[in-house]
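S.K.: Residue numbers (my numbering), protein chains in the order written: chain Y, 13 to 416; chain D, 13 to 416; chain A, 1322 to 1469; chain F, 1322 to 1469. Ideal placement from N, C-alpha and C gives every residue a C-beta, glycine not left out. Note that the structure is a prediction, hence the values are computed from the model and not measured.
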Amino acid sequence: MKINNIKKKFPIFKKKINGKNLIYLDSANSSQKPQSVINRMSYFYENEFSNVGRSVHTLAVEATNAFEKTRDLVQKFINSKYREEIVFTKGATEAINLVASTFGDKFINKGDEIILTELEHHSNYVPWHFLRETKGAVIKFSKLNDRLEIDPDDISKLINNRTKIIAVTHISNVTGGVTPLKKIIDIAKSKNIPVLVDGTQGAPHLKLDMQKLDCDFYAISCHKLYGPNGLGILYGKKNWLDQLSPYQGGGGMINEVKKENISYAETPTKFEAGTMQTAEVVAFGESIKLIDKLGIKNIYDHEEKVLNYGIEKLKRDNNVHLIGSPKEKASVISFTLKGIHPHDIATILDDDGVAIRAGHHCCQILHEKLGVPATARASIGLYNTLEDMDILYESINKCKKIFS
Amino acid sequence: MKINNIKKKFPIFKKKINGKNLIYLDSANSSQKPQSVINRMSYFYENEFSNVGRSVHTLAVEATNAFEKTRDLVQKFINSKYREEIVFTKGATEAINLVASTFGDKFINKGDEIILTELEHHSNYVPWHFLRETKGAVIKFSKLNDRLEIDPDDISKLINNRTKIIAVTHISNVTGGVTPLKKIIDIAKSKNIPVLVDGTQGAPHLKLDMQKLDCDFYAISCHKLYGPNGLGILYGKKNWLDQLSPYQGGGGMINEVKKENISYAETPTKFEAGTMQTAEVVAFGESIKLIDKLGIKNIYDHEEKVLNYGIEKLKRDNNVHLIGSPKEKASVISFTLKGIHPHDIATILDDDGVAIRAGHHCCQILHEKLGVPATARASIGLYNTLEDMDILYESINKCKKIFS
Amino acid sequence: MDIKELYKEIILDHGKNPRNFGKCNGYNADASGHNPLCGDKVHIYAKLDKEKKIEDLSFEGEGCAISLASASILTEIVKGQDYNISNIIIRDFLNMIKAQKKISLNSLKEDQITTMMSLSGVKEFPMRVKCATMAWHTLSNVLEIKKK
Amino acid sequence: MDIKELYKEIILDHGKNPRNFGKCNGYNADASGHNPLCGDKVHIYAKLDKEKKIEDLSFEGEGCAISLASASILTEIVKGQDYNISNIIIRDFLNMIKAQKKISLNSLKEDQITTMMSLSGVKEFPMRVKCATMAWHTLSNVLEIKKK
Ligand SMILES: Cc1ncc(COP(=O)(O)O)c(C=O)c1O
Ligand SMILES: Cc1ncc(COP(=O)(O)O)c(C=O)c1O
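Given below as structure tokens:
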């Protein structure tokens, strides 16, 4: 499969926005879906739908098999040691909440410390903040360097014998900076501290290998991976997941229920309470297949070409200020434009069919540091092209003209 | 729209199971989806997809509007006073967990009591059991009468000044019994005790009117309402929801995020953390439209006809033992067959294309009371017909022949 | 709709050079507004006299051109009006943006109405409605608080 | 596949009249299995002698015809075998159900193999595989525990 022609596989690009072609540069927010994913979901509902894991009739059997097959695909995709290490969640947000809540219950007490960074998305801060409120935990923010990169040395300095967990993003959804995870995990391991990686932005762009990376938890949002809404994945080392208590209670996650007591199922079932997102899980298998067919390395190379081309163009414009200058950077260009608020940029770009995001991108800590309430963000997916960057550039020029 | 022809709107019924027509009698587990819901979801992904509530570009605006329109539809559907009383969740299970967790945090302390019934689904027991484990709460099970009905008088007797909440199902997913909610809520209100209703089985069959019913919380599963997987609804009185803390933390549910502190958004936003199930919510609007077009009362009447016809037929067979004999009963026939285990029944019925469920139906407390580990359950949806009951009956006869 | 209908000269002007910016002297009522999704903020300061007139009115805030222009225009038009008229102006403005109704206030001058109407293009841009209305809602809060 | 391939005479017979039901006298090893999704339960009791032979073997349990028949057949065939052979029988049985392999044990008699193979129809009914295999996994646990 050729990546150059890939836009054709995503039906939304047939759509006109204000009479113009859609230039979708909001994939860090949520990516568009290929026809194969959409069709798989429809086909499932039209021909195979049933609840999984509960009934013994033919439809239920087929649905359960299709559901569990995706678990196998995910296992391969992220190269986890056991398939039981894959928990399906509502999204990366739920995945992180699951860990913060259950790990916190068991291992975090008053005065214990959690290390985050100034780059974290609210989804990798608010769940930990809850532990501050309920348990009296302490949150320490590791400071970014001048390039707005996460600095393993700074994290190292924050560690002490009260440190219970380090939670860090894989790729920043604002700067695009790629976190030097290996260094951080080595430091943490040497002190026996578990590491949760918010892989929401990492998974769509980087080759994942849980056994090599050796983190303890890794959170993924399927809707940013060209998959359906309402689905995420928590990877957790089996040893950890086995130790943690269930997160939500309900059908399917139990072993035995008595009036006086309840015992729970094994990992990962104990974390999958209630009716799961069967159709979404089944359809997500097609996302993985697409990525595998293209090759994640090819996707990365292609996106890098588009990214660098876009950055070079924007850099030529003195009115454009790029947010952060991480040495290793993937897929995101955040910027401000002198004298024009990001919201106005976004509205004017939209008039040209260019969809970007303006705001704090759920990273208020970072924006406080930057001293601006909002930035504009163009984020790149596998379907974006050099031409998209040209149109972005022209549209930014139009902003300047309107505001001149 | 005629209910007699409604099977045609559900594409799965074109499917053959072992060469036979599909007789789907597992709707209490999950219902099949009409073409309109499936198409709405595909259309959304193909033409309108974007993340909601975050970006200002055209797609995001359209998606947000479509998303919020469903909230309006749900408000009307259940006649809640405010649209802010509608919270979208992953399912009824998450809805109940949300209440148990946040209500429990705030209002339940050691020794405080929670009243459930012997009829509850695990999803309306395990979340409360967590409070027993973490907080030392006490759970009291209201006893069923001989017909396996919930008895308001028994609930009344269990109430004392430590009672903090009553959580009760609207319709039993095993007996089909309709709970005398009005009586229970009157009793509870007179003592100022909030009531959570597990409406998972109620919503697909009964006219809902939150203002009339006057319960404090009501949980719904959209996938049992002919809607997409992975979506549920929590109705909560605004006054309660305003008092409760957020459940999950993440993007979208905040007001302001600082390093030292975080303030949260208003109801219902504060309960909708992370990227929501946009496509599912939008498509669920079509489920409501279908139900409204048919009329929930017509659906109920039709299902009642099918139900009574089926019951009468099965009653003629001395080997069939029906589970429970509630005076008011909807949509579910659970039974055992002398000398044949429910699993074997389900497998043999499946051979005839008849999809039922066998097991404890996530109601082990009830099954312990019954003294059997499993029952067979045929549950009825709006697409079922009298003929389906005939085929069920014949297929049960076949079971007996095989086992004779 | 043409994007220039949204970004009219007058809006760009108010956006770049907001009038009545800062805290007005002797203000005795104030309130703030905030859009958590985009980070826009506005703070309205009012000096209300005993005869229920808005003697002075100003604002501080940060946000897009639309939100700054809207706050600026608000202060220009409402300053000097009495309570009741102010509330009617606010209502008419919100109706114009949200329900596409015309402004028909006898107490406003022709050019004041034109100025207010310069923001009417916003109604075609649903995601920007909050930008245009936040200051007006906030003033409404100020008056509400003062009433109590 | 015909449903009668699953519910063969011999299975129905073992299901209705399970052999070796109850606790065998002098058992010195036992373990239980449970399928939480459907509520099936099995408890295996074994009397193991010093020469690593399964002197006596029995089970208790509740469940469908398949699971009872499977446990019953298991006790019939494995009783009297030594540890190693038992483990090979278990492996062969699981391979037959899960990987559709043939049973080819020299130490088993023709009719014993036929009896075991009566359960092979289960492989066409994936949701019933657990019913057929639970007792065998449980016996495997019994032997595992005893080894330690
Ligand atoms: C870095 C990062 N973490 C976490 C999230 C939360 O993901 P979701 O909203 O899919 O749960 C996002 C996406 O918004 C993100 O960009
Ligand atoms: C009575 C009852 N309550 C709760 C649930 C849980 O619903 P869900 O699995 O959709 O979260 C179910 C469905 O299985 C049910 O039947």
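Return the chain-ordered list of same chain residues with a C-beta closer than 8 Å to the C-beta of Lys102/Y, the five sequence neighbours on each side being excluded.
M.R.: Counting only Cβ-Cβ distances below 8 Å, and skipping sequence neighbours, we find Gly242, Leu243, Gly244, Gln289.
S.K.: Anything in chain A within Cβ reach of Val73/D, meaning under 7 Å, just list it in chain order.
M.R.: What Val73/D touches in chain A: Pro1447, Met1448.
S.K.: Are the C-beta atoms of His1364/F and some chain Y residue less than 9 Å apart?
M.R.: So, not an interface residue.
S.K.: Let me check you understand the geometry: is the CB of Ala104/D closer than 8 Å to at least one non-hydrogen atom of ligand 2?
M.R.: Yes, ligand 2 has a heavy atom inside 8 Å of this Cβ.
S.K.: For Asp1377/F, which residues does DSSP report across the bridge?
M.R.: BP columns for Asp1377/F point to Lys1368/F.
S.K.: Where does the unbroken alpha helix (DSSP H) through Asp313/D begin, and where does it stop?
M.R.: Unbroken alpha helix (DSSP H) run through Asp313/D: 308 to 327.
S.K.: Would you tell me roughly how many angstroms separate the C-alpha atoms of Asp38/D and His379/Y, rounded to the nearest one?
M.R.: Taking the straight line joining both Cα atoms gives about 51 Å.
S.K.: Pull the bridge partners of Gly1384/A from the DSSP assignment, please.
M.R.: Looking at the DSSP assignment, Gly1384/A forms no beta bridge with any residue, so it has no partner.
S.K.: Flag Gly1354/A as yes if its beta-carbon sits less than 9 Å from any beta-carbon of chain Y, otherwise no.
M.R.: Taking Cβ atoms only, chain Y never reaches closer than 9 Å to Gly1354/A, which makes this a no.
S.K.: Say whether chain A places a C-beta atom closer than 9 Å to the C-beta of Val294/D.
M.R.: No, no contact with chain A.
S.K.: Which one of Leu128/D, Val332/D, Asp165/D, Asp402/D has the shortest CA to CA distance from Arg144/D?
M.R.: The residue with the shortest Cα to Cα distance from Arg144/D is Leu128/D.
S.K.: Would you call the region 385 to 404 of chain Y in contact with the region 1437 to 1453 of chain A, where contact means no fewer than 3 C-beta pairs closer than 8 Å?
M.R.: Counting Cβ pairs under 8 Å, fewer than three are found: no touch.
S.K.: Enumerate in chain order the residues of its own chain whose CB-to-CB distance from Pro139/Y is below 6 Å, with the five nearest sequence positions on each side excluded.
M.R.: Closer than 6 Å at Cβ, skipping near neighbours: Ile108, Asn109, Ala112.
S.K.: Go ahead and pull the three-state DSSP assignment for Ala285/Y.
M.R.: If DSSP states are grouped into helix, strand and coil, Ala285/Y belongs with coil.
S.K.: Which residue marks the beginning of the beta strand (DSSP E) containing Ala388/D, and which one marks its end?
M.R.: That run of the beta strand (DSSP E) goes 387 to 391.
S.K.: How many Å lie between Ile1365/F and Leu1464/F at the Cα?
M.R.: C-alpha separation (whole angstroms): 11 Å.
S.K.: Taking Glu97/Y and Arg174/Y to be in contact with their CB atoms under 8 Å, please state how far apart those CB atoms are, rounded to whole angstroms.
M.R.: About 28 Å separates the two Cβ atoms, so there is no contact after all.
S.K.: Threshold first: 4 residues or longer. Then list the alpha helix (DSSP H) segments lying entirely within the region 1391 to 1432 of chain F, N to C.
M.R.: For the region 1391 to 1432 of chain F, whole alpha helix (DSSP H) runs of length 4 or above, ordered along the chain, are 1404 to 1420.
S.K.: Can you name the start and end residues of the alpha helix (DSSP H) that Ser1461/A belongs to?
M.R.: 1450 to 1468 is the extent of the alpha helix (DSSP H) around Ser1461/A.
S.K.: By the three-class DSSP mapping on this structure, what secondary structure does Gly417/D have?
M.R.: The question about residue 417/D has no answer here: the residues shown for chain D are numbered 13 through 416.
S.K.: With distances taken Cα to Cα, identify the nearest neighbour of Phe347/Y among Asp362/Y, Asp329/Y, Ser42/Y.
M.R.: Considering only alpha carbons, the answer is Asp329/Y.
S.K.: What in chain D is Cβ-close to Tyr312/Y, meaning under 7 Å?
M.R.: Simply none; closest approach about 23 Å.
S.K.: Kindly indicate which residue of Ser154/Y, Gln213/Y, Val294/Y has the alpha-carbon position closest to the one of Phe183/Y.
M.R.: Per the sequence shown, residue 183/Y should be read as Ile rather than Phe. With distances taken between Cα atoms, Ile183/Y lies closest to Gln213/Y.
S.K.: So with CB distances below 7 Å, who are the chain E contacts of Gly103/Y?
M.R.: Of the chains in the structure shown, none is chain E; the protein chains are Y, D, A and F.
S.K.: Taking all protein chains shown into account, do 16 or more other C-beta atoms lie within 10 angstroms of the C-beta of Met13/D, making it buried, or fewer, making it exposed?
M.R.: The residue is exposed, with fewer than 16 neighbouring Cβ atoms inside 10 Å.
S.K.: Apply the 10 Å Cβ neighbour rule to Asn396/Y and answer buried if 16 or more other Cβ atoms are within range, or exposed otherwise.
M.R.: Asn396/Y comes out buried.
S.K.: Identify which residue in Tyr36/Y, Lys20/Y, Leu71/Y, Leu382/Y has its Cα closest to the Cα of Lys32/D.
M.R.: It is Leu71/Y whose Cα lies nearest to the Cα of Lys32/D.
S.K.: Kindly examine ligand 2 and report whether one of its heavy atoms sits closer than 8 Å to the Cβ of Lys236/D.
M.R.: For ligand 2, at least one heavy atom lies less than 8 Å from the Cβ of Lys236/D.
S.K.: Is the CB of Pro139/Y under 9 Å away from at least one CB in chain D?
M.R.: By this cut-off, Pro139/Y is an interface position.
S.K.: I'd like the ranges of any beta strand (DSSP E) spanning at least 3 consecutive residues and lying wholly in the region 41 to 79 of chain D.
M.R.: Taking only runs of at least 3 residues, no beta strand (DSSP E) segment lies wholly in the region 41 to 79 of chain D.
S.K.: Kindly say whether Cys411/D, judged by its beta-carbon, lies nearer than 9 Å to any beta-carbon of chain Y.
M.R.: By this cut-off, Cys411/D is not an interface position.
S.K.: Any chance the region 366 to 385 of chain Y sits against the region 266 to 280 of chain D, with 3 or more Cβ pairs inside 8 Å?
M.R.: Because the criterion of three Cβ pairs below 8 Å is met, the region 366 to 385 of chain Y and the region 266 to 280 of chain D touch.
S.K.: Chain D partners of Gly1360/F, CB-CB under 8 Å?
M.R.: Near Gly1360/F (Cβ distances below 8 Å), the residues of chain D are Gly371, His372, Gln376, His379, Pro385, Ala386.
S.K.: Can you say whether Thr1435/A is buried or exposed, counting buried as having 16 or more other CB atoms within 10 angstroms of its CB?
M.R.: Thr1435/A should be labelled exposed.
S.K.: Answer yes or no: does any C-beta atom of chain F fall closer than 9 Å to that of Thr76/Y?
M.R.: Yes, Thr76/Y lies at the interface with chain F (some Cβ there is under 9 Å from its Cβ).
S.K.: Which same chain residues, not among the five before or five after Val49/D, have their C-beta less than 8 Å away from its C-beta?
M.R.: Result list for Val49/D: Tyr238, Gly239, Pro240, Ala295, Phe296, Glu298, Ser299, Leu302, in chain order.
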